[in-house]
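J.: Let me begin by handing over the structure; questions about it come next.
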Amino acid sequence: MNTLLIGPRGCGKSLVGQRLAEISCRPFVELDNCVLAMFAEKSVQEVWELQGEIAWRMEEVKQLAITLREDRQIVSLGGGTVTIDDAFELIKDEQDAGRAKLIYLCCEIPELVRRLKNAPGDRPALSDAQTPEEEVTNVLSQRDPIYRSLADIVIDVTNISVDEAATKLAGRLD
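Using numbering that gives the first Met the number 0, read the sequence shown as starting at 0 and increasing by one per residue.
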């Protein structure tokens with residue numbers, strides 16, 4: 000069974016996923032890195048600017064399908080992966096077949112904004128919002144119901160460390 004981490008950007012999917020993989024002695028896959036490797040551009044922002052979001056999302060579905068061929072991985076999905084119809088169906092099929100467990104790393108908006116301001120990373124704008132607070136609020140209002148509908152486990156990571164989150168989750172795998 001694969002363990003898929005879902006949640007908004009800034010919630011810690013990558014860091015918690017890496018630590019969880021170490022604790023559970025499983026391979027870690029960062030889906031965004033798999034997708035980016037398929038483009039000539041050096042950053043997600045460049046891909047979105049030069050190729051467009053649609054090209055990114057199409058490749059995201061392809062890389063997800065390839066990734067899910069393997070078993071017993073910790074996989075950090077992109078924040079928007081679950082919003083792509085084909086990806087959602089693929090994830091749901093894996094989950095229904097007992098081949099995937101989904102963990103939603105939820106986090107309060109002020110903390111997400113703080114994290115994104117401290118480490119903006121390679122993240123393209125997701126809306127026309129004027130402030131990071133507006134963008135996080137807008138995006139989360141659309142995605143939170145999807146995350147919750149898929150989640151087998153919901154863990155609030157607002158006030159806990161990466162190690163605490165990974166340790167809590169390690170005991171709940173398989």
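From the three backbone atoms N, C-alpha and C, an ideal C-beta is built for every residue, glycine too.
1) Since I believe Leu111 is in contact with Ile5 (beta carbons under 8 Å), could you give me their beta-carbon distance rounded to a whole number of angstroms?
2) For the alpha helix (DSSP H) that Ala165 lies in, which residues bound it at each end?
3) What are the uninterrupted segments assigned as beta strand (DSSP E) that are 3 or more residues long and contained completely in the stretch 134-164, given in chain order?
4) At the level of alpha carbons, what is the spacing between Leu19 and Ile154?
5) Taking the C-alpha atoms as reference points, what is the distance between Glu88 and Asn32?
6) In terms of alpha-carbon separation, which member of Gln62, Arg142 and Arg114 lies closest to Asn158?
7) Near Asp70, what residues of its chain come up, given a Cβ to Cβ distance below 8 Å and the 5 sequence neighbours on each side ignored?
8) Report yes or no: do three or more beta-carbon pairs, one from the stretch 28-48 and one from the stretch 128-145, lie closer than 8 Å?
9) Once the 5 residues before and after Lys91 are set aside, which same chain residues still bring their CB inside 8 Å of it?
10) Check Ile73 in the structure and name its three-state DSSP category.
11) Need the endpoints of the alpha helix (DSSP H) that Leu14 sits in, please.
12) How should Ile53 be labelled, buried or exposed, when 16 other C-beta atoms within 10 angstroms of its C-beta is the threshold for buried?
13) Return the residue from the list Lys12, Cys10, Ser23 and Ile83 that minimises the CA-CA distance to Arg171.
T.: Let's see:
1) To locate residue 5, count along the sequence shown from 1; it is residue 6. To locate residue 111, count along the sequence shown from 1; it is residue 112. Ile5 to Leu111, Cβ: 14 Å. No contact.
2) Numbered from 1 along the sequence shown, position 166 holds the residue referred to as residue 165. In this chain, the alpha helix (DSSP H) harbouring Ala165 covers Val161 to Ala169.
3) Within the stretch 134-164, the runs of beta strand (DSSP E) that reach at least 3 residues and sit entirely inside it are, in chain order, 152-155.
4) Taking the sequence shown and counting its residues from 1, one reaches residue 19 at position 20. Taking the sequence shown and counting its residues from 1, one reaches residue 154 at position 155. Between Leu19 and Ile154, the C-alpha separation is close to 14 Å.
5) To locate residue 88, count along the sequence shown from 1; it is residue 89. To locate residue 32, count along the sequence shown from 1; it is residue 33. Approximately 22 Å, taken between the alpha carbons.
6) One-based indexing of the sequence shown puts residue 158 at position 159. Considering only alpha carbons, the answer is Arg114.
7) The sequence position of residue 70 within the sequence shown is 71, counting from 1. Met0, Asn1 and Arg98, listed in sequence order.
8) Flag = no, the stretch 28-48 and the stretch 128-145 do not touch.
9) Position 92 of the sequence shown, counted from the start, is the residue given in the question as residue 91. Counting only residues of its own chain and dropping the five nearest sequence neighbours on each side, Lys91 has a CB closer than 8 Å to the CB of Leu149.
10) Residue numbering aside, residue 73 sits at position 74 when the sequence shown is read from its first letter. The three-state reading of DSSP puts Ile73 in strand, counting E and B together.
11) The residue you call residue 14 lines up with position 15 of the sequence shown. Looking at the DSSP string, the run of the alpha helix (DSSP H) that includes Leu14 is Lys12 to Ser23.
12) Along the sequence shown, one-based indexing puts residue 53 at 54. Looking at its Cβ environment, which holds fewer than 16 other Cβ atoms inside 10 Å, Ile53 is exposed.
13) Working through the sequence shown from its first residue, we reach residue 171 at position 172. Distances from the CA of Arg171 to each of Lys12, Cys10, Ser23 and Ile83 were compared; the closest alpha carbon is that of Ser23.
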